[in-house]
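Student: Residue numbers (the numbering used here), protein chains in the order written: chain A, 1 to 218; chain B, 1001 to 1116.
Here you go:
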């Protein structure tokens, strides 16, 4: 409990010097953790376990299959999700931009990329709607025609599309642009929602040991 | 919420990382290696005060009216720079009996601050 002249405890920041503030915060952090773990003081370890032994034990807990996997395939996979920024769009096409951090782009291998988006069809639209997804080629490459994917949308809701190697490579470079083009008249009256709860996104499955794996295969 | 920058005196979130090695707790806390505690600091003038997380609405108008009445009747107003969003901290640690325990402690990491 802080006795301060200020109107509330959070105003004390200005009244303490940095070192006292730091000590106070560390003390507060310690007390908070111990309190939430229902401990009166930090546990004292009578028989400390080495980190190596702990790692082995955790691996064994996950079963022999996991252990074999770790031994034979040291690559680690994880998923990165990037939400779309909508660029220049018209009634005939919606442009979506996805940015991936340098950590994702830094030489790691993107093994799969999935586009997930929400389409709202007018209530009277019963027929299926064809949607074309373009992945424009990066500038400076010899090939100028974009990579295309086609998708049938049969009703309002979330839809997903597995993107090809061009899109995966773009994710790996840190920036992916997609253009969604409705192909029929009914599709033109459909809306690709981009609000807070319906924002399109790309989920990229990334392999942390990508470079190593590529070298090995070569 | 606003993150503190430079000599800002208004209510903001200041980043603060607790390194478990630095405080000598790395022997019993296995993971993570530290904890981004963060905290709220700064002043809350009456005109900034609002219900954290409340968007402009009828309720905001009512609150503003109440604040105006409070300002007329009292001094200070009692507005405070407080956490408006927090998230849990996951810990893997040894307990008193050297068992390995994994737990999620709620409301530990301050994500955003605002004036109450």
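Ideal placement from N, C-alpha and C gives every residue a C-beta, glycine not left out.
Cβ of residue 24 (chain A) less than 8 Å from any chain B Cβ?
Tutor: Sequence index remark: in the first chain, residue 24 (chain A) carries index 24 (1-based). Closer than 8 Å: no.
Student: Use the C-beta contact count for residue 1020 (chain B): other C-beta atoms within 10 angstroms, 16 or more gives buried, fewer gives exposed.
Tutor: Walking along the second chain from the start, residue 1020 (chain B) turns up at place 20. With 16 or more Cβ atoms within 10 Å of its Cβ, residue 1020 (chain B) is classed as buried.
Student: What did DSSP end up calling residue 1012 (chain B) once you bin it into helix, strand or coil?
Tutor: Position 12 of the second chain, counted from the first residue, corresponds to residue 1012 (chain B). Strand, per DSSP.
Student: Quick check on the burial criterion: 16 or more other C-beta atoms within 10 angstroms. Buried or exposed for residue 160 (chain A)?
Tutor: Taking the first chain and counting its residues from 1, the one referred to as residue 160 (chain A) is at position 160. So residue 160 (chain A) counts as exposed.
Student: The region 24-57 of chain A: which residues have C-beta closer than 9 Å to a C-beta of chain B, in chain order?
Tutor: Answer in chain order: 25, 26, 28, 29, 30, 32, 33, 36, 37, 39, 42, 43, 44, 45, 46, 47, 48, 49, 51, 54, 57.
Student: Which term fits residue 165 (chain A), buried or exposed, when burial requires 16 or more other beta carbons within 10 angstroms of its beta carbon?
Tutor: What you label residue 165 (chain A) is simply residue 165 of the first chain in a count that begins at 1. That one is exposed.
Student: Please tell me whether residue 1098 (chain B) has its Cβ less than 8 Å away from any Cβ of chain A.
Tutor: In the second chain, residue 1098 (chain B) corresponds to position 98, counting from 1. So yes, residue 1098 (chain B) belongs to the interface.
Student: Whole angstroms are fine: how far does the CA of residue 134 (chain A) sit from the CA of residue 19 (chain A)?
Tutor: Indexing the first chain from 1 puts residue 19 (chain A) at position 19. Indexing the first chain from 1 puts residue 134 (chain A) at position 134. Residue 19 (chain A) and residue 134 (chain A): Cα-Cα distance of roughly 56 Å.
Student: When you compare only the Cα positions, how much space is there between residue 23 (chain A) and residue 1016 (chain B)?
Tutor: Locating residue 23 (chain A) in the first chain gives position 23, where the first residue counts as 1. Locating residue 1016 (chain B) in the second chain gives position 16, where the first residue counts as 1. Near 12 Å, if we compare the C-alpha coordinates of residue 1016 (chain B) and residue 23 (chain A).
Student: Helix, strand or coil: how does DSSP classify residue 1113 (chain B) here?
Tutor: Here residue 1113 (chain B) corresponds to residue number 113 of the second chain, with the count starting at 1. Note: residue 1113 (chain B) maps to strand in three-state DSSP.
Student: Note down, in chain order, all residues in the region 1017-1044 of chain B with a beta-carbon under 7 Å from any beta-carbon belonging to chain A.
Tutor: So the close ones are 1018, 1023, 1025, 1027, 1028, 1030, 1035, 1037, 1039, 1040, 1041, 1042, 1043.
Student: Measure the C-alpha to C-alpha separation of residue 100 (chain A) and residue 51 (chain A) and round it to an integer number of angstroms.
Tutor: Translated into positions along the first chain, residue 100 (chain A) becomes position 100. Translated into positions along the first chain, residue 51 (chain A) becomes position 51. For residue 100 (chain A) and residue 51 (chain A), the distance between alpha carbons rounds to 33 Å.
Student: What's the gap between the Cα of residue 34 (chain A) and the Cα of residue 1102 (chain B)?
Tutor: By 1-based counting over the first chain, the position of residue 34 (chain A) is 34. By 1-based counting over the second chain, the position of residue 1102 (chain B) is 102. For residue 34 (chain A) and residue 1102 (chain B), the distance between alpha carbons rounds to 14 Å.
Student: Would you kindly work out how many angstroms separate the C-alpha atoms of residue 1108 (chain B) and residue 1086 (chain B), rounded to a whole number?
Tutor: One-based indexing of the second chain puts residue 1108 (chain B) at position 108. One-based indexing of the second chain puts residue 1086 (chain B) at position 86. Computed Cα separation, rounded: 6 Å.
Student: At which residue ranges does the region 153-179 of chain A contain complete beta strand (DSSP E) runs of 3 or more residues, listed in the order of the chain?
Tutor: The region 153-179 of chain A contains these whole beta strand (DSSP E) runs: 157-163.
Student: Could you work out which residue in B:1088, B:1036, B:1097, B:1042 is closest to residue 46 (chain A) when comparing CA atoms only?
Tutor: Taking the first chain and counting its residues from 1, the one referred to as residue 46 (chain A) is at position 46. Residue B:1097 is the option with its Cα nearest to residue 46 (chain A).
Student: Taking Cβ positions only, does residue 1002 (chain B) come closer than 8 Å to chain A?
Tutor: The residue you call residue 1002 (chain B) lines up with position 2 of the second chain. It does not: the Cβ of residue 1002 (chain B) has no partner Cβ on chain A nearer than 8 Å.
Student: For residue 1099 (chain B) and residue 1022 (chain B), what's the separation of their Cα atoms in angstroms?
Tutor: The count along the second chain starts at 1 and reaches residue 1099 (chain B) at position 99. The count along the second chain starts at 1 and reaches residue 1022 (chain B) at position 22. Going from the Cα of residue 1099 (chain B) to the Cα of residue 1022 (chain B) covers about 23 Å.
Student: According to DSSP, simplified to helix, strand and coil, what is residue 123 (chain A)?
Tutor: Taking the first chain and counting its residues from 1, the one referred to as residue 123 (chain A) is at position 123. Correct three-state label for residue 123 (chain A): coil.
Student: For a contact meaning CB atoms closer than 8 Å, what does residue 1104 (chain B) contact in chain A?
Tutor: Numbered from its first residue, the second chain carries residue 1104 (chain B) at position 104. Within 8 Å Cβ-Cβ: nothing; residue 1104 (chain B) doesn't reach chain A, min ~10 Å.
Student: Between the C-alpha atoms of residue 1081 (chain B) and residue 136 (chain A), what's the straight-line distance to the nearest angstrom?
Tutor: Here residue 1081 (chain B) refers to the residue found at position 81 when the second chain is read from its first residue. Here residue 136 (chain A) refers to the residue found at position 136 when the first chain is read from its first residue. If you take the alpha carbons of residue 1081 (chain B) and residue 136 (chain A), they lie about 48 Å apart.
Student: Which residue marks the beginning of the beta strand (DSSP E) containing residue 45 (chain A), and which one marks its end?
Tutor: Translated into the one-based positions of the first chain, residue 45 (chain A) becomes position 45. No beta strand (DSSP E) contains residue 45 (chain A), which DSSP labels as neither H nor E.
Student: Within the same chain, show all residues whose beta-carbon is closer than 7 Å to that of residue 1053 (chain B), passing over the 5 residues directly before and after it, in chain order.
Tutor: Locating residue 1053 (chain B) in the second chain gives position 53, counting from the first residue. Residue placement at residue 1053 (chain B) is flagged as unreliable, the pLDDT there being 48, under the threshold of 50; a coordinate-derived value is accordingly withheld.
Student: Taking the C-alpha atoms as reference points, what is the distance between residue 112 (chain A) and residue 197 (chain A)?
Tutor: On the first chain, residue 112 (chain A) is found 112 positions in, with the first residue counted as 1. On the first chain, residue 197 (chain A) is found 197 positions in, with the first residue counted as 1. About 24 Å.
Student: Answer yes or no: does any C-beta atom of chain A fall closer than 8 Å to that of residue 1114 (chain B)?
Tutor: For this step, residue 1114 (chain B) is matched to residue 114 along the second chain. It does not: the Cβ of residue 1114 (chain B) has no partner Cβ on chain A nearer than 8 Å.
Student: Nearest CA to the CA of residue 1004 (chain B): which residue from B:1030, B:1089, B:1024, B:1041?
Tutor: The residue you call residue 1004 (chain B) lines up with position 4 of the second chain. Of B:1030, B:1089, B:1024, B:1041, the residue nearest in Cα terms is B:1041.
Student: Relative to the alpha-carbon of residue 219 (chain A), which residue among A:199, A:180, A:168 has its alpha-carbon at the smallest distance?
Tutor: Here chain A covers residues 1 to 218 and nothing more, so residue 219 (chain A) does not appear.
Student: Below 6 Å CB to CB, which residues in the same chain sit around residue 42 (chain A) once its five sequence neighbours on both sides are set aside?
Tutor: Counting from one through the first chain, the residue named residue 42 (chain A) turns up at place 42. Excluding sequence neighbours, residue 42 (chain A) sits near nothing in its chain.
Student: Would you report the Cα separation of residue 1110 (chain B) and residue 1039 (chain B), rounded to the nearest angstrom?
Tutor: Residue mapping note: residue 1110 (chain B) aligns to position 110 of the second chain, counting from 1. Residue mapping note: residue 1039 (chain B) aligns to position 39 of the second chain, counting from 1. Each residue's Cα considered, the two are about 6 Å apart.
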